[in-house]
Amino acid sequence: MTSTRRAAWLVPTALIALTLIPMAGGALRLTDLAAGEVTPENARFVAAPVPVLLHIFSAVLYCLGGAFQFTSTFRRPTHRRLGRLLVPAGLLMALTGLWMTLFYPYPEGDGDLLAAFRLVAGSTTALAFVLGVLAIRRRDIARHRAWMIRGYALAQGAGTQALVTIAWLPLVGPATGLTRTLLLGVAWVINAAAAEWLIREPHRRRRALYRSGRLERTA
Numbered sequence: 078m079t080s081t082r083r084a085a086w087l088v089p090t091a092l093i094a095l096t097l098i099p100m101a102g103g104a105l106r107l108t109d110l111a112a113g114e115v116t117p118e119n120a121r122f123v124a125a126p127v128p129v130l131l132h133i134f135s136a137v138l139y140c141l142g143g144a145f146q147f148t149s150t151f152r153r154p155t156h157r158r159l160g161r162l163l164v165p166a167g168l169l170m171a172l173t174g175l176w177m178t179l180f181y182p183y184p185e186g187d188g189d190l191l192a193a194f195r196l197v198a199g200s201t202t203a204l205a206f207v208l209g210v211l212a213i214r215r216r217d218i219a220r221h222r223a224w225m226i227r228g229y230a231l232a233q234g235a236g237t238q239a240l241v242t243i244a245w246l247p248l249v250g251p252a253t254g255l256t257r258t259l260l261l262g263v264a265w266v267i268n269a270a271a272a273e274w275l276i277r278e279p280h281r282r283r284r285a286l287y288r289s290g291r292l293e294r295t296a
């Protein structure tokens with residue numbers, strides 16, 4: 078594999094690695110539900126398992142499959158077909174996440190502020206998918222790309238949340254209460270900022286070419 082091809086796979090590989098963290102948590106949740114033992118931690122899931130099962134499977138499908146949309150090597154022949162599968166999966170992930178936030182009892186340590194963060198993130202994710210689909214129906218590729226990147230970034234919030242809370246542990250100790258809530262919110266902000274940086278990257282590259290004069294010479 079050439080260095081160019083290796084670089085092209087760097088981002089999707091990192092995104093897949095990020096997805097593995099919440100995947101492990103989802104696998105533990107599935108194992109817990111399959112065991113059938115009711116505990117204070119899983120009682121809400123045992124009482125209504127369908128939303129959490131749909132959320133886990135749709136999130137894994139969307140986050141893993143979406144990672145491949147970030148490499149042109151894979152994206153060119155399959156982008157449209159894969160997108161027709163990923164958008165419904167992403168919407169199901171967002172909507173089930175909203176349902177769980179609204180209707181499951183809060184687990185210990187959660188509260189109204191964290192629920193508000195989750196509602197904002199979930200609603201924005203679903204809206205991004207809808208706006209992305211509407212944009213591509215108008216053949217507005219730039220807006221489609223931007224909204225899909227935003228939706229994917231927010232969908233990957235769980236992975237970044239795990240990294241942020243793990244990084245906090247050796248520095249300060251276990252994050253609890255308001256500190257944990259704010260760290261989870263910060264993780265979504267980090268992902269949203271990364272998305273905006275990626276969306277604007279082609280514009281920065283174009284400006285750099287104009288400044289260097291190379292764009293005029295190749296036009």
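Residues in the sequence shown are numbered consecutively from 78, following the numbering used here.
In this text, a Cβ means the ideal position worked out from N, Cα and C, and glycines have one as well.
Residue i - DSSP class collapsed to helix/strand/coil
{"i": "residue 202", "result": "helix"}
{"i": "residue 115", "result": "coil"}
{"i": "residue 189", "result": "helix"}
{"i": "residue 139", "result": "helix"}
{"i": "residue 229", "result": "helix"}
{"i": "residue 174", "result": "helix"}
{"i": "residue 86", "result": "coil"}
{"i": "residue 101", "result": "helix"}
{"i": "residue 165", "result": "helix"}
{"i": "residue 96", "result": "helix"}
{"i": "residue 108", "result": "helix"}
{"i": "residue 148", "result": "coil"}
{"i": "residue 295", "result": "Here the model assigns residue 295 a pLDDT of 43, short of 50, so the residue's position is not dependable, and the following value carries that caveat. The answer is helix: DSSP assigns residue 295 an H, G or I state."}
Integer Cβ distance of residue i from residue j, believed to fall under 8 angstroms
{"i": "residue 245", "j": "residue 239", "result": "The Cβ separation is near 11 angstroms, so there is no contact."}
{"i": "residue 168", "j": "residue 203", "result": "6 angstroms"}
{"i": "residue 143", "j": "residue 163", "result": "6 angstroms"}
{"i": "residue 22", "j": "residue 264", "result": "Because the chain in this structure spans residues 78 to 296, residue 22 falls outside the shown range and cannot be described."}
{"i": "residue 89", "j": "residue 145", "result": "6 angstroms"}
{"i": "residue 141", "j": "residue 96", "result": "5 angstroms"}
{"i": "residue 260", "j": "residue 237", "result": "With 8 angstroms as the limit, residue 260 and residue 237 do not qualify as a contact, their Cβ atoms being about 10 angstroms apart."}
{"i": "residue 123", "j": "residue 115", "result": "5 angstroms"}
{"i": "residue 200", "j": "residue 159", "result": "The pair is not a contact, with the Cβ atoms about 25 angstroms apart (cut-off 8 angstroms)."}
{"i": "residue 157", "j": "residue 178", "result": "Contact flag wrong, Cβ pair sits at about 32 angstroms."}
{"i": "residue 233", "j": "residue 92", "result": "7 angstroms"}
{"i": "residue 221", "j": "residue 170", "result": "No, residue 221 and residue 170 are not in contact; Cβ-Cβ is about 19 angstroms, not under 8 angstroms."}
Exposure of residue i, with buried meaning 16 or more beta-carbon neighbours within 10 Å
{"i": "residue 209", "result": "buried"}
{"i": "residue 139", "result": "buried"}
{"i": "residue 218", "result": "exposed"}
{"i": "residue 250", "result": "exposed"}
{"i": "residue 180", "result": "exposed"}
{"i": "residue 215", "result": "exposed"}
{"i": "residue 188", "result": "exposed"}
{"i": "residue 254", "result": "exposed"}
{"i": "residue 257", "result": "buried"}
{"i": "residue 125", "result": "exposed"}
{"i": "residue 120", "result": "exposed"}
{"i": "residue 113", "result": "exposed"}
{"i": "residue 94", "result": "exposed"}
{"i": "residue 191", "result": "buried"}
{"i": "residue 272", "result": "buried"}
{"i": "residue 101", "result": "exposed"}
{"i": "residue 270", "result": "exposed"}
{"i": "residue 262", "result": "buried"}
At least three beta-carbon pairs within less than 8 angstroms, the stretch 224–240 to the stretch 196–213
yes
Only counting runs of 4 or more residues, tell me where the alpha helix (DSSP H) segments fall wholly within the stretch 213–260, in order along the chain.
If only uninterrupted alpha helix (DSSP H) runs of at least 4 residues are considered, those enclosed by the stretch 213–260 are 218–232, 234–248.
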